[in-house]
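Residue numbers (our numbering): 112 to 361.
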């Protein structure tokens, strides 16, 4: 997954998060299409929809619920469907949202009923929500409650990558994206765990750079070096074939 902002600004440093910058970087890395996730307050659902409408051959949009109160969820879901979004993003840490929150039940139910995927961010730093209410084992419970809902664990579970790996192995409706993890945890045992997961679940892992945090080409080099020497890693599946299993690109 990747992000763009209307004015090109980004909260972390001097990165250029503009649409034109992303498209240039995608061309440089030979990336044909990307999933765009809004990142409030820096970008919006509406802007994400506009970019996808202007470039339907390059971008696929996901939505972000501004509120998980029942009425707001239904209104947002109707807009997502009107805009042609293919999924939604939940960020427990930034939303200060426990995955045990019962208000999420209608979110997951509506996604399942309407064929939308749900990406759940797995970096669990938060001073309010208990960490065990934001991690892979909570996603395991969601997957079993909604077996027809396609769930994507963003960042491969972060420091809990081995938990995420076995949660995915236990649930055929769970996938993972490998954005950030191979750079963020370099030099740690988590890096080695991520390589292990890449080798043993490459048919359910997606490439992502989390642009503008990383340029697509630069991060592809990082992941390629991490997997160097392991001929069992199917990069064609990671780069394109896997995501086509759960998202209709037409």
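C-beta: ideal position from N, C-alpha, C; glycine also.
On a predicted model such as this, the values are computed, not experimentally measured, just so you know.
Boundaries of the beta strand (DSSP E) harbouring residue 175: 170-175, taken from the DSSP string.
Remark: C-beta atoms of residue 215 and residue 179 approach each other more closely than 8 Å. Collapsing the DSSP output to three states places residue 229 in a strand. The closest CA to that of residue 123, considering only 150, 231, 213 and 241, is found on 150.
Annotation: residue 314 to residue 348 spans about 6 Å, alpha carbon to alpha carbon.
Each of 250, 294 and 291 was checked against the Cα of residue 280, and the nearest Cα belongs to 250. Rounded to whole angstroms, the separation of the alpha carbons of residue 169 and residue 131 is 12 Å.
In this structure residue 268 is buried. Its beta-carbon is surrounded by 16 or more other beta-carbon atoms within 10 angstroms.
Per DSSP, the beta-bridge partners of residue 201 are 231. Ranked by Cα distance from residue 240, the first of 229, 340, 322 and 202 is 202. Restricting attention to beta strand (DSSP E) runs no shorter than 3 residues, the segment 261-313 encloses them at 262-264 and 285-288, ordered along the chain. Sequence-distant Cβ neighbours of residue 304 in its own chain, meaning closer than 6 Å and more than five residues away, are 272 and 273. Straight-line measurement puts the Cα of residue 177 at about 43 Å from the Cα of residue 342.
In this structure the segment 156-170 touches the segment 190-201; the number of beta carbon pairs closer than 8 Å is three or more.
Residue 219 is a Cβ neighbour of residue 253, given a cutoff of 8 Å. For the set 198, 156, 270 and 217, the Cα lying nearest the Cα of residue 182 is the one of 217. With a beta-carbon spacing of about 14 Å, residue 317 and residue 284 fall beyond the 8 Å limit used to define contacts. With respect to the 8 Å criterion, residue 312 and residue 344 are not classified as neighbours on the basis of their beta carbons. Contact annotation: residue 128 and residue 323 have beta-carbon atoms nearer than 8 Å. Shown here, residue 317 sits in a strand according to DSSP, grouped into three states. When only Cα atoms are considered, residue 211 and residue 244 end up about 6 Å apart.
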